[in-house]
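Going by numbering that gives the first Met the number 0, the sequence shown opens with residue 0, and the numbers climb by one from there.
First up is the structure itself, then whatever we jot down about it.
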Amino acid sequence: MQPIPTFGVRVCFIILCLGALAGCQWPLAYYMRDQVFPEDTASKIAMVPLLLPAYIVCAVVDTTMVNPVRGAHNVPGAVTTIWQWEDENPWIGKVALLPLKIIAIPPAVLGTVMFSEQFAYSENAPSAPKYMDQ
């Protein structure tokens, strides 16, 4: 039997999940919302048992798989920035900071992959929901 996580662990996990989902770019979920959901209200209400779980799955897939894959192209820039810290002075940049650079690169790569596309809004991003355009 596994121990039940403490209240603080649960709260931190919920905050992390909500932070990852707030303001995200969800291409699959936006496509489903704009192209798959029916236009009329009666059809939407009738299809809620199918469409709502599918929409939630699309949002989770976007957050956990699509955005990290899309964010992988930002990794070289993050690694280059860290690797060039204090390069003007060779003793500081190449010798003293080398262990710090080696330690800093993996978290920077992970953070760049996970979050660089979550909040990167571009001109190609999906539009606001239809009801907000009116």
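For every residue, glycine included, the Cβ atom is placed at its ideal position computed from N, Cα and C.
Values in this document were obtained by computation on a predicted structure and should not be read as measured data.
With fewer than 16 neighbouring CB atoms inside 10 Å of its own CB, residue 110 falls in the exposed class.
Here the C-alpha atom of residue 86 lies approximately 44 Å from the C-alpha atom of residue 57.
Shortest Cα-Cα distance from residue 64 to any of 97, 114, 7 involves 114.
The beta carbon of residue 108 sits closer than 8 Å to the beta carbons of 74, 77, 78 from its chain, once the five residues preceding and following it are set aside; these are given in chain order. Taking 8 Å as the cut-off, the Cβ atoms of residue 90 and residue 100 do not count as close. Taken in chain order, the complete alpha helix (DSSP H) segments of 4 or more residues contained in the segment 32 to 96 are 40 to 60, 66 to 70, 74 to 82.
Ranked by Cα distance from residue 61, the options 8, 42, 96, 28 are led by 28. For the 8 Å CB-CB criterion, residue 81 and residue 95 do not form a contact. Burial check for residue 70: the Cβ neighbour count within 10 Å reaches 16 or more, so the residue is buried. In this structure residue 34 is exposed. Its beta-carbon is surrounded by fewer than 16 other beta-carbon atoms within 10 angstroms. With distances taken between CA atoms, residue 68 lies nearest to 26 out of 26, 13, 97.
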